[in-house]
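Okay, so here's the structure we're looking at.
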Amino acid sequence: MESNSSSSSSAPLHKSRVRVLTILPTRSLLLFFFLFFCINFTTTTSNSVTQSSDSETLYSKHCNDVVPKSDTDPTRWFITNLSIQDIGFRNGYFTGGDQLFKQNLKTSEVDDLKALSFVPSDVGKTLTEGVFKVRATLHIRDYSIFHNSTRRNLRLVYFKGPRSHFRKGLLNFRLDGYYSESSKKLCMIGNGGSGNLRALSVVLKLNYPLSSSIYDSLITGTLESLSDKHDGDYFEPLLMLGLYQSSSYEYKLAGKDSENGCLRGDDRGENLGVGKLKRGLCMLLGKLHESFELEYGSDCGSVNCNPLGGNAGYVSSFVYYGTRCADGRKMQMLLGFPNSSYYGIKFPFDPHTTFITEGAWDEKENRLCAVACRILNFTESLTNAFVGDCSTKFSLRLPTKLSLWNRSTVAGEMWSIKEVNDSGYFAKIGFHTLSGWLMKLLDFKYEYSENDDMRKTCAEKKAGRGKGKIYPDEFSVDMKFGMTVRNSKGQQASGYSSPLFVEDERVYGRRFWDKLPQTESSMQLNQSHTHSSPMNISYKLFFISDFGFRHDVFPSKAELSAEGIYDRDYGNLCMIGCRHVPVKNQTLIKQDMLDCAIKIIVQFSPLDTKDGQNVKGTIESTRGKLDPLYFEPIEFSSNSIYTSQAAASISRIDFEISMVLISNTLACVFVGLQLLFVKKHPDVLPFVSIVMLIVLSLGYMIPLLVNFEALFVPNKHHSQQDTFLGTGGWLQVNEVIVRVLMMVALLLQLRLLQLTWSSRQGHGNQKSLRDSERKLLYATSPLYIAGALIVWFVNLRKNAYQRSHRPFQRPHRMAYRVSTLHHLAYQQHSLREDLSSYAGLVLDGFLLPQILFNLFFNSGEKALACAFYFGTTVIRLLPHAYDLYRAQTGTWFLDLSYIYANHKMDFYSTAWNIIIPCGGLLFAAIIFLQQRFGGRFILPKRFRQTSVYEKVPVISNEEL
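Residue numbers for the sequence shown follow the numbering used here, so the first one is 81 and each next one is one higher.
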């Protein structure tokens, strides 16, 4: 009786302990978060009050003599005639701050790569008339950080200097201060820096022009450190120069040309007007940011042809940037002449190479006539700079017709009105560019050349090949493609090709959702080509030579203009091409000649192709081998996908995202069903394998730990793939949802593990259960470790094989080269990915520890709910069945977007996709039979040794 009473009394005590262990941590956790929130809120509030008082003290000390401090007017805070545009600027330049910007390049090499912008966010009225409170952000960027490298063979070597506050070439300062409308001065106090480094305290002082015109276009100022000179945070003052963007700008030179105005009689044909456009010139060129190639005349050998001066070096191009426009005809623009290190990210506002230009559209001549001025007196200090020397004229026009020899949508000239012997004189220079923006807005025409020989050659080339298959439509975006170019030595470069016109219809710059405009000519064109026949087409091709690609004829950046015929029945494109051949004379001034003896053959694959290359082609010279302009044939191919393939990929991604969400939801449901099952049958809890639960818990925990930042920070690793697939942020949102579901499943698994562990404490068979679990651990640990070693050995062999067969393979640097998709398919397997796949295999066999545990303990208890072990097995096996289906219906380009049945998370192949499902179903069947016939039913009878505990009645003392 005592034993019964003691046992009965101990059971409630055991349950109460479990309840205390599960409830108290929850209360403690809530109390901890509450205290943490209170402490953090108090600290933040006190810090903000302290910082505010410190800022006021610093402003009184460093800025009160510039713009006296004034209290804000609470009743008229937002009522102000001062706009953000009047005091902010987007184009700026700086010098100094050597402690912030560690350079390994010479100053002359990186001057044009420095940029800054001042962006006000709030402007409020104060109690003092003409004084405004301003809050703003100062962005300082030094693009030379991206050029601070040198190349050697196949390795990219970076010079890493001492650690500084400058990270990734960008510094941001948040500032507060006051602006005086009468003195045109601004003074602000703030702090900032880069990344997680300690903030720097600074004072900003800006001086604005008293009026706004081309002669009063510069803002000067300084950024100074508030730290002591001996402090590690101290830096030398930054001198700043910015372009004034006041809304009260007055045009001084536009439309006021003298006798030395725009040139007359130098046109090469008719020009387009801008009168039909709604906003006229402002829509076309008002905010245009374009790079122009320069054309030098034959007289450049005897006179200066450099607009920057004779000692500035050779200039091959200039950058145009529209800054303001008014009345549909007047505008201000910047002309920049950067060196070869310019990347084109932002306009290079460098006083050494920048012209501030002002002009007006001449409706009679259909051209822009402008005057360009230099920035002077800045060599000693930027604070003394001013605008002057307006002796450069600038003329820009829009040709009506394009052709094989003329591919310029914008062309023009610039020249000096000085005398030949004067300093700063330069001869007339031409310029041109092909602008996709203007192609979309203006009605350009294309003139095809007559070439019967080319048509005969192309007709012989196709020879009835490919008839009956469906090839890309001539108007579709499938006709433009990225390409990998290979020379005769096998070296590679990357490039891009795009059609300009199909017959008379423009297709250049058209996106896949754009429809062909329903003009009269386009309707006639569609009716005449309902049944495909060869059509005239013009193309633009270019490729950039990398350090691993050398060619004797093509320069580092090769551009070809081409035209020919495309036959949709055969997918064959046959063209003649022209290229600019640089010829350098004794004065090193570049002149171009046109070589049009080039044949280009392109073969498109059918739309339903499963090949890895949708486009293959060659570029050949038709000249004799002894001709100086002859070059060896160049081959190119493309991995750009067709729009139909992209649509199929996106549809499959949507389906796979749904499958992942459903799988993770079902995983939570099945674990929940197991928890309900053990709640109804608590006596079976001790017979659940702890090793199995640990394996399942780790299967959820490890991916969460590796990608924990994805719950809060956007995943930048897949940004290129998201761009390629067009999924953008939607895919990232689903990744967060998937990980939240995985976290829920993990918590449920940990709860089941905790219940199982607690149920074994004080159990009558605790020692036997512990011994069986130990035997299980001894049996599975060598098995799992041996498998990991095999994976490591196979990984070494595969990578060694790939290195020996692809010694020159390496990924490209450019983020949007389509050729990188080809390299991704052949990149080396990392050991981490192979181990992740092996972990997926272990998870597929999650029932193995339970089978061995039942075998060692000879357990016949129904410890696992059928929904749990069978449902989880199905969740693990369905991806393999889907991968078999995907392999039969998908194509190569879809491999980059695996979401469900990800090859990095498990072993997938035809063999594995058969072996793993069969093994998983076999394990589930064994569990079912063990729970019905005993843990050792699979063994021969002579090995089924068991110990059966017989229940005997308890005899009391009274019965004795």
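All residues carry an ideal CB built from backbone N, CA and C; glycine is no exception.
Item: Give me the residue from Glu712, Asp647 and Asp558 with the minimum Cα distance to Glu583.; Value: Asp647
Item: Tell me the rounded alpha-carbon separation between Ala919 and Met985.; Value: 8 Å
Item: Do Met563 and Ser701 come within 9 Å of each other at the CB atom, strictly closer than that value?; Value: no
Item: Mark Ile294 as exposed unless 16 or more other C-beta atoms lie within 10 angstroms of its C-beta, in which case mark it buried.; Value: buried
Item: Nearest CA to the CA of Leu785: which residue from Leu765, Ala961 and Arg819?; Value: Arg819
Item: If you drop the 5 nearest sequence neighbours on each side, which residues of the same chain put their C-beta closer than 8 Å to that of Pro1020?; Value: none
Item: Thinking C-alpha only, which one of Leu364, Asn652 and Glu527 is nearest Val34?; Value: Past the edges of the chain, shown from 81 to 1040, lies residue 34, and the structure says nothing about it.
Item: How many whole angstroms separate the CB atoms of Ala825 and Tyr780, which I take to be in contact at a CB cut-off of 8 Å?; Value: 5 Å
Item: Go through its chain and collect everything with a Cβ distance to Gly353's Cβ below 6 Å, but skip five positions before and after it.; Value: Asn446
Item: Span of the alpha helix (DSSP H) holding Leu935?; Value: Leu928 to Phe937
Item: Expressed to the nearest angstrom, what Euclidean distance is found between the alpha-carbon atoms of Pro105 and Leu255?; Value: Because the pLDDT of Pro105 is 42, which lies under 50, any placement of that residue in the model is unreliable, and the number read from its coordinates should be weighed accordingly. Distance between the alpha carbons of Pro105 and Leu255 is about 45 Å.
Item: In the segment 936–1005, which residue ranges form an unbroken alpha helix (DSSP H) of at least 4 residues, counting only runs that do not cross its ends?; Value: 946–969
Item: Assuming contact is defined by CB atoms lying nearer than 9 Å, are Thr990 and Leu932 in contact in what I supplied?; Value: no
Item: Alpha carbon to alpha carbon, how far is Thr403 from Leu180?; Value: 30 Å
Item: In this structure, does DSSP put Gly516 in helix, strand or coil?; Value: helix
Item: Distance, Cα to Cα, Val776 vs Gln846?; Value: First, the residue type needs correcting, since residue 776 is Leu and not Val in the sequence shown. One C-alpha to the other measures close to 23 Å.
Item: Which first and last residues belong to the beta strand (DSSP E) in which Arg254 is found?; Value: Leu250 to Ser260
Item: In the DSSP assignment, the alpha helix (DSSP H) including Gly366 goes from what residue to what residue?; Value: Element bounds for Gly366: n/a, residue is neither H nor E.
Item: Considering only residues of the segment 444–530, which uninterrupted beta strand (DSSP E) runs meet the minimum length of 3 residues and lie entirely inside it, listed in chain order?; Value: 447–456, 466–477, 481–483, 490–496, 509–513 and 525–527
Item: For Ile998, is the classification buried or exposed, using 16 other Cβ atoms within 10 angstroms of its Cβ as the cut-off for buried?; Value: In the sequence on display, residue 998 carries Cys and not Ile. By the 10 Å Cβ count, Cys998 comes out exposed.
Item: Would the segment 935–952 count as touching the segment 1000–1019 if we require 3 or more Cβ pairs under 8 Å?; Value: yes
Item: Give me the Cβ distance between Leu290 and Gly301, rounded to the nearest whole Å; I'm assuming they're in contact under 8 Å.; Value: That pair is no contact at about 15 Å.
Item: Pull up the DSSP beta-bridge partners for Gly176, would you.; Value: Leu318
Item: Measuring alpha carbon to alpha carbon, tell me which of Leu318, Leu462 and Trp495 ends up nearest Lys473.; Value: Trp495
Item: Only counting the same chain, and skipping five residues up and downstream in sequence, which positions put a Cβ closer than 7 Å to that of Ile955?; Value: Ser743, Leu746 and Ala747
Item: Give a yes or no on whether the C-beta atoms belonging to Val203 and His219 are separated by under 9 Å.; Value: no
Item: Here's a check: name, in chain order, each residue in its chain whose Cβ is nearer than 8 Å to the Cβ of Lys264, leaving out the five neighbours to either side.; Value: Asn287, Tyr288, Pro289 and Leu290
Item: Near Gly1000, which residues of its chain fall below 8 Å by C-beta distance, leaving aside the five closest residues on each side in sequence?; Value: Asp924, Gly925, Leu927, Thr953, Arg956 and Leu957
Item: Which of the three DSSP states is assigned to Pro1020 in this structure?; Value: coil
Item: Is Asn694 buried or exposed, if buried means 16 or more other CB atoms sit within 10 Å of its CB?; Value: buried
Item: What span of residues does the beta strand (DSSP E) with Asp202 cover, start to end?; Value: Lys194 to Lys205
Item: Please name the residue, chosen from Gly366, Ile737, Leu266 and Asn171, that lies closest to Ile817 on a Cα-to-Cα basis.; Value: Ile737
Item: For Thr155 and Pro418, what's the separation of their Cα atoms in angstroms?; Value: 49 Å
Item: Taking 9 Å as the cut-off, decide whether the C-beta atoms of Phe372 and Tyr400 are in contact.; Value: yes
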